[in-house]
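A short write-up of the structure that comes next.
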Ligand code: BES
Ligand code: MN
Ligand code: ZN
């Protein structure tokens, strides 16, 4: 029989094919089996490879096949494959490719029939997982440089347009997520508020047709009356700085979507100092801001027909003789006065002035993303972000996007008086914390809600999801929820 090389354009170091239980081959596996004179069938039987989920078998030098390595992955019972098991399969394959350092792969799994998603989403999931599995942060340490440099998918004339669209979206999002992670993983002695704003300038240079950037420094903030924001940065020698990134690809007078990211480049707690255990992780308190940076990259790259204002709220919370203190009363930009109970509840103070400031843009929607409360981690753990909103339609649309990309959120209620009552103060309009840590994610959102009455607003607490831990317990930014918010914007631009 003729040797198969799938023509030259399919020549790769390794081909990945799927096999279901009961020796039911995927389409491409069937072709390879036939060309190799039933070699695949015989060898899987001999190896007791039954096609169960998590079974994997690497074959070398399959007869009549020019691609030297054939990787067979078990896909479970045919017709039962769903999104979740498909993700397990993808991860399993990637681990194997990594182990033997495959650089160039022909990936024949995107055309498997999956119960609850279509081809487009299978491609999006695949590229997304590949990004996550191969990401390394090697700016400060030489790490072995193996990388998968080429992935080919097998397509046919009927679905080529779906591949093009999915790959275009997935690659833009992948690059944005990497940018978010690279920024979020920087140490706090390098990544300070000034550093964040310089990064946004580069963005404006690169996408000068659609992006302009304005920086608000401490002098500006004073003029604007952003005293809550300023108070948080008082103890740090690093100047507080807000970067306003305006993206416009509509050039009309429509209302913008505003996205705000908490950008505490380090949160020591201030005078209400945090315990030292894991305090280093508070370099991730700018993950919300890093997400905004990634998202602005992605929408510029995809040229989405939108008007989006991304705001990076850069600040550092440090103890010092200039620090604000528990007991201080501060007048916010809105005019409301706040009694400071705990200087570690600083995120809401920075955000409340930005939430007031953005009224000037007459926004259609405002979404803030913040590593806001440890209580949110207690409530939802490390895989689900907290969602709180004053508008049902908006929270529904965010949940829809969240389901689309499987970047999970769960809505917490902010319509209960009890939580607002906890913010009452005898000597100021409000205080900056509730009575206790109980329901702390909600009381924090209730604090913010007092500044968002004029527009549709949602708040995503990413304290539990913004970073995660590798096998050796080292933490790294997860890039979440960039995927979710980009999907929200993709959906928004296609539905409007
Ligand atoms: N940045 C923290 C929240 C946080 C904690 C994020 C753990 C990720 C992991 C925030 O500024 C904070 O310190 N919040 C306090 C609020 C409290 C003082 C009301 C908290 O959660 O303890
Ligand atoms: Mn804090
Ligand atoms: Zn914080």
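Numbering (our numbering), first residue to last: 304 to 799. We put the CB at the ideal spot given by N, CA and C, even for glycine. A quick note: this is a predicted structure, and the numbers were derived from the prediction, not measured.
Residue from 357, 356 and 367 with nearest C-alpha to residue 341: When each option's Cα is compared against that of residue 341, the closest is 367.
Proximity test, residue 588 beta-carbon vs the ligand BES heavy atom, cut-off 6 Å: Yes, the ligand BES has a heavy atom inside 6 Å of this Cβ.
heavy atom of the ligand BES below 6 Å from residue 570 C-beta: Judged by the Cβ position, residue 570 qualifies as a neighbour of the ligand BES at the 6 Å threshold, a heavy atom of the ligand being closer than this.
Beta carbon of residue 484 nearer than 7 Å to that of residue 780: Going by C-beta atoms, residue 484 is nearer than 7 Å to residue 780.
Residue 789 burial status per 10 Å Cβ neighbour count (16 or more: buried): So residue 789 counts as buried.
The stretch 723 to 731 contacting the stretch 664 to 681, beta-carbon criterion three pairs below 8 Å: No: fewer than three Cβ pairs fall under 8 Å.
Straight-line gap, residue 747 to residue 372 (C-alpha atoms, nearest Å): When rounded, the separation of the alpha-carbon atoms in residue 747 and residue 372 is 54 Å.
Exposure label - residue 774; buried when at least 16 CB within 10 Å: Classification for residue 774: exposed.
Residue 568 in three-state terms, based on DSSP: Three-state DSSP puts residue 568 in a strand.
Length of the line joining the Cα atoms of residue 370 and residue 793: In this structure, the straight-line span from the alpha carbon of residue 370 to that of residue 793 is close to 38 Å.
For residue 628, the three-state DSSP class (helix, strand or coil): Of the three classes helix, strand and coil, the one that applies to residue 628 here is coil, per DSSP.
Distance between beta carbons of residue 683 and residue 565, contact taken as under 8 Å: By a beta-carbon distance limit of 8 Å, residue 565 does not contact residue 683. Their separation comes to about 17 Å.
With 16 other Cβ atoms within 10 Å as the buried cut-off, status of residue 358: Residue 358 comes out buried.
Beta carbon of residue 611 nearer than 7 Å to that of residue 563: Their beta carbons are not under 7 Å apart, which means residue 611 does not touch residue 563 by this criterion.
Cβ contact check for the stretch 583 to 600 and the stretch 464 to 471: 3 or more pairs under 8 Å: Pairwise C-beta distances place the stretch 583 to 600 out of contact with the stretch 464 to 471, as fewer than three of them are shorter than 8 Å.
Where the alpha helix (DSSP H) through residue 610 begins and ends: Residue 610 -> not in any alpha helix (DSSP H); beta strand (DSSP E) instead, spanning 610 to 620.
Simplified DSSP assignment, three categories, for residue 389: If DSSP states are grouped into helix, strand and coil, residue 389 belongs with the helices.
Those residues which DSSP pairs with residue 771 across a bridge: DSSP lists 779 as partners of residue 771.
Beta-carbon spacing of residue 495, residue 541 below 7 Å: Residue 541 sits close to residue 495, with the two beta carbons spaced by under 7 Å.
Proximity test, residue 689 beta-carbon vs the ligand ZN heavy atom, cut-off 6 Å: No, since every heavy atom of the ligand ZN falls outside the 6 Å radius drawn around the Cβ of residue 689.
Coarse secondary structure for residue 304, derived from DSSP in three states: Note that residue 304 scores a pLDDT of 32, beneath 50, so its modelled location is shaky; the value from the coordinates is reported in the next line. Looking at residue 304 - three-state DSSP - the assignment turns out to be coil, as it is neither helix nor strand.
Min CB distance residue 716 to chain D below 7 Å: No chain D appears in this structure, which consists of one protein chain only.
Simplified DSSP state of residue 714, which is helix, strand or coil: Residue 714 falls in the strand class under three-state DSSP.
Inter-stretch contact (C-beta, 8 Å, three-pair minimum) for the stretch 409 to 416 and the stretch 437 to 451: Here the stretch 409 to 416 makes no contact with the stretch 437 to 451; the two share fewer than three CB pairs at distances below 8 Å.
CA-to-CA distance, residue 552 to residue 401, given in whole angstroms: Distance between the alpha carbons of residue 401 and residue 552: 40 Å.
Contained alpha helix (DSSP H) runs [length at least 4] in the stretch 502 to 543, N- to C-terminal order: Counting only runs of 4 or more, we get 521 to 527 and 530 to 536.
Which of helix, strand or coil DSSP assigns to residue 434: In the three-state DSSP reduction, residue 434 falls in the helix class (H, G or I).
Residue 407 - partner residues in DSSP beta bridges: 453.
Beta-carbon separation (whole angstroms), residue 617 vs residue 524, contact threshold 8 Å: The beta-carbon separation of residue 617 and residue 524, rounded to 11 Å, does not stay under the 8 Å limit for a contact.
Classification of residue 642 by the beta-carbon crowding that lies within 10 angstroms, buried from 16 upward: Buried, by the Cβ-count rule.
Three-state secondary structure (DSSP) of residue 360: In the three-state scheme derived from DSSP, where H, G and I count as helix and E and B as strand, residue 360 is classed as strand.
Alpha-carbon spacing of residue 656 relative to residue 470, whole angstroms: The alpha-carbon atoms of residue 656 and residue 470 are separated by roughly 39 Å.
Start-to-end residues for the alpha helix (DSSP H) that takes in residue 656: Start and end: 650 to 660.
Outcome for residue 508 when other beta-carbon atoms lying within 10 angstroms are tallied against a minimum of 16: The residue is exposed, with fewer than 16 neighbouring Cβ atoms inside 10 Å.
Extent of the continuous alpha helix (DSSP H) run through residue 747: Run containing residue 747: 743 to 752, per the alpha helix (DSSP H) assignment.
Three-state secondary structure (DSSP) of residue 582: Residue 582: helix per DSSP, three-state reduction.
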